[in-house]
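**Student:** Mind the numbering: the sequence shown is residues -20 to -1, 1 to 340 in mature numbering (1 follows the signal peptide of the UniProt record, and there is no 0), read in order. Don't be surprised by glycine CBs; every beta carbon is placed ideally from N, CA and C.
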Amino acid sequence: MKKLLIASTALVGMASMASAQGSGVLNILDWGGAYGASHAVAYNAPFEAETGIRITVADADNPATPIKAMVEAGNVTADVASVEYADALRLCDEGALETIDLSVLKPGPDGTAAEEDFLPGALTDCFVATDVWSMVMAYDDSKFPDAKPSTPADFFDTAKFPGKRTLRKGAKFNLEFALMADGVAPADVYDVLATPEGVDQAFAKLDTIKGDVVWWEAGAQPPQLLADGEVTMAYAFNGRIFNAAIGENKPFNIVWTGQVYEMEGWIIPKGAPNKDNALNYIAFTTEAERLARAAELISYGPTRKSSSGLVGNVDGKDIPMSPHLPTTPGNIEQGINSNADFWVDHDSELSERFNAWLAS
């Protein structure tokens, strides 16, 4: 998902949106990188061709951050944005998003109503999910010619599996991963993390590799760090690792055990200048066939039940995509679903503690 951009680049891109406002335009705030490229092919080009609406795209490391800033400043230039599930819930609770009229969504190919065709939780008052992605453990196979890392515990075992690791710079995902590495059963992770003792346990486990971690903030960084030999293991977006391994022939392997998966999708910021076009775009891009097409371009699972059987080979290759999706049976059982309610309630306090821990 997510292209390496500094904040000023994103702001320049968003500022340019303002000059493109009007009835025949749509301003999208996206993640960039391989994820944004999949949207360009599966969604944006066909939408422009069918509607004549001109799309302008700006990228950010996490679109939820500039969306919040736009709304608070009363200067909204984006019409639609792709965000993580928990961020969508939080922004909606804060009144920063438009309510989405779910009646605009198209039925499934067999006529099944959209609200029955989407996966549970994929539709909320302010959010329509487009894909299921995951944070996964990955490693450079060439660095481990004999024993291969296969569990979260292996990620934290720098004696058996030497080399630096890379983790996303933040509390979310790392605390869950640390608890699983410390022996907490996946089903119990959020119950444990909801206690002060559980939070202490997670940070204590992170302490064991703190000196061996290179922190990343943009999704393009982990595969690059692996490719450059700066790290031997990563906890990263599965689509980024997949793209490097399959698209660029890098010797990277994904370990599905310990994955934390989450939905991602579209929101409309409060005060979007082209709300009708945004609704049209959301309806268009979340048709079953288009979600399946996007899944062929990047290894994130579609959010409609009817899409799964429509996913074919990896784009341009004679390789089935299904085995590489987080949602595929055999993969999804090895991880946990990110608990959005937990992070809506605890993100601020845990992020504050994480930042203090990182600085100590």
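For residue 92, which of helix, strand or coil comes out of DSSP?
**Tutor:** DSSP places residue 92 in coil when its eight states are reduced to three.
**Student:** Can you give me the C-alpha to C-alpha distance between residue 305 and residue 217, rounded to a whole angstrom?
**Tutor:** Roughly 12 angstroms separates the two Cα atoms.
**Student:** Assuming residue 268 and residue 287 make a contact with CB atoms under 8 angstroms, what is their CB distance in whole Å?
**Tutor:** Rounded, the Cβ-Cβ distance is 5 angstroms, consistent with contact.
**Student:** Using 8 angstroms as the threshold, is the stretch 300 to 320 in touch with the stretch 225 to 243, meaning 3 or more CB pairs across them?
**Tutor:** Yes, they touch.
**Student:** Give the list of continuous beta strand (DSSP E) stretches no shorter than 3 residues that lie fully inside the stretch 43 to 113.
**Tutor:** As far as the stretch 43 to 113 is concerned, its whole beta strand (DSSP E) runs of at least 3 residues are 60 to 64.
**Student:** Opposite residue 293 in the DSSP bridges: which residues?
**Tutor:** DSSP output for residue 293 lists 300 as bridge partner(s).
**Student:** Where do the ends of the beta strand (DSSP E) carrying residue 315 lie?
**Tutor:** Premise fails: residue 315 is in no beta strand (DSSP E) and is neither H nor E.
**Student:** Given this structure, state the Cα-to-Cα distance separating residue 81 from residue 97, to the nearest angstrom.
**Tutor:** The alpha-carbon atoms of residue 81 and residue 97 are separated by roughly 16 angstroms.
**Student:** To the nearest angstrom, how far is the alpha carbon of residue 291 from that of residue 273?
**Tutor:** Cα-Cα distance, rounded: 7 angstroms.
**Student:** Looking at the structure shown, is residue 162 part of a helix, part of a strand, or coil, going by DSSP?
**Tutor:** Here residue 162 sits in coil by DSSP.
**Student:** Which same chain residues end up closer than 6 angstroms to residue -15 when comparing Cβ atoms and leaving out the 5 residues on each side of it in sequence?
**Tutor:** With a pLDDT of 32 at residue -15, under the threshold of 50, the predicted position of this residue should be treated as unreliable, and no value is reported.
**Student:** DSSP state of residue 211, grouped into three classes?
**Tutor:** In this structure, residue 211 counts as coil in the three-state DSSP scheme.
**Student:** Using only the alpha-carbon positions, how far apart do residue 207 and residue 230 sit?
**Tutor:** Using only the alpha carbons, I get a separation of about 7 angstroms.
**Student:** Give a yes or no on contact between the stretch 210 to 227 and the stretch 23 to 40, applying the rule of three or more CB pairs nearer than 8 angstroms.
**Tutor:** Flag = no, the stretch 210 to 227 and the stretch 23 to 40 do not touch.
**Student:** Run the CB neighbour count on residue 25, radius 10 Å, all protein chains shown included, and call it buried at 16 or more, exposed below.
**Tutor:** When all chains shown are included, residue 25 counts as exposed.
**Student:** For a test of the three-state rule: what should DSSP assign to residue 217, helix, strand or coil?
**Tutor:** Three-state result, residue 217: strand.
**Student:** Could you tell me which residues DSSP puts in a beta bridge with residue 189?
**Tutor:** DSSP lists no partner for residue 189.
**Student:** Alpha carbon to alpha carbon, how far is residue 325 from residue 69?
**Tutor:** If I take the Cα positions, the gap works out to 11 angstroms.
**Student:** Residue 232 lies in the beta strand (DSSP E); which residues open and close that run?
**Tutor:** First-last of the beta strand (DSSP E) with residue 232: 232 to 247.
**Student:** I'd like to know whether the C-beta atoms of residue 232 and residue 120 end up nearer to each other than 8 angstroms.
**Tutor:** Going by C-beta atoms, residue 232 is nearer than 8 angstroms to residue 120.
**Student:** Specify, as a first and last residue, the run of the alpha helix (DSSP H) that residue 271 falls within.
**Tutor:** Here the alpha helix (DSSP H) through residue 271 covers 268 to 277.
**Student:** When you compare only the Cα positions, how much space is there between residue 340 and residue 189?
**Tutor:** Near 14 angstroms, if we compare the C-alpha coordinates of residue 189 and residue 340.
**Student:** Quick one, which of 74, 266 and 310 has its alpha-carbon nearest residue 89's?
**Tutor:** The residue with the shortest Cα to Cα distance from residue 89 is 266.
**Student:** Return no unless some Cβ of chain C is closer than 8 angstroms to the Cβ of residue 169.
**Tutor:** This model lacks chain C altogether; it includes just one protein chain.
**Student:** Any chance you could list the alpha helix (DSSP H) runs of at least 4 consecutive residues sitting entirely within the stretch 116 to 175, in chain order?
**Tutor:** Runs found: 132 to 135, 154 to 161 and 169 to 173.
**Student:** I need the boundaries of the alpha helix (DSSP H) containing residue 256, first residue and last residue.
**Tutor:** Note, residue 256: alpha helix (DSSP H), 255 to 265.
**Student:** Apart from the five residues on each side of it in sequence, which residues of its chain come closer than 6 angstroms, Cβ to Cβ, to residue 164?
**Tutor:** If we look at residue 164 and ignore the five residues flanking it on each side, its Cβ neighbours are 172.
**Student:** Say whether the stretch 123 to 141 touches the stretch 100 to 112, bearing in mind that this needs 3 or more beta-carbon pairs closer than 8 angstroms, one atom from each stretch.
**Tutor:** Touching, no, given that fewer than three Cβ pairs across the two stretches are closer than 8 angstroms.
**Student:** Between which two residues does the alpha helix (DSSP H) holding residue 14 run?
**Tutor:** From DSSP, the alpha helix (DSSP H) with residue 14 extends over 13 to 19.
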